[in-house]
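*Asks:* Just dropping this structure here.
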Amino acid sequence: MAETQVDGLKTPALTDGEFQDAVSDPAKQEEKKKPTALQVAQLLESKMHELSASLQKDETLLAEKMAKISSLIDELIREVNAK
């Protein structure tokens, strides 16, 4: 934090009229509040649902691609056996 010193006194420097790193600023204090256990649990649950949905979508896409690859391999095997 930039400080101004005047004969033994230190004051926080102002940037655009606002204190830098001012701990007494109520807005800054609210930012530093820790989330409750319930809030953390809700956030984790939400993230888990998002991941589950994403994995389900990825699993479906993977299954479709594997089916296409399998059919292409079967087709190649038939062509090789036909010759």
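Going by the numbering used here, the first residue of the sequence shown is number 1, and it counts up by one from there. For every residue, glycine included, the Cβ atom is placed at its ideal position computed from N, Cα and C.
Return the chain-ordered list of same chain residues with a C-beta closer than 8 Å to the C-beta of SER70, the five sequence neighbours on each side being excluded.
*Replies:* One-based indexing of the sequence shown puts residue 70 at position 70. Contacts found: none.
*Asks:* Nearest-angstrom Cα distance between GLU79 and ILE73?
*Replies:* Numbered from 1 along the sequence shown, position 79 holds the residue referred to as residue 79. Numbered from 1 along the sequence shown, position 73 holds the residue referred to as residue 73. So the two alpha carbons sit approximately 10 Å from each other.
*Asks:* Tell me which residue opens and which closes the alpha helix (DSSP H) that THR60 is part of.
*Replies:* The residue you call residue 60 lines up with position 60 of the sequence shown. Per DSSP, THR60 belongs to the alpha helix (DSSP H) from 37-82.
*Asks:* Could you tell me the alpha carbon to alpha carbon distance between GLN42 and LEU76, rounded to whole angstroms?
*Replies:* Counting from one through the sequence shown, the residue named residue 42 turns up at place 42. Counting from one through the sequence shown, the residue named residue 76 turns up at place 76. Their Cα atoms are separated by approximately 51 Å.
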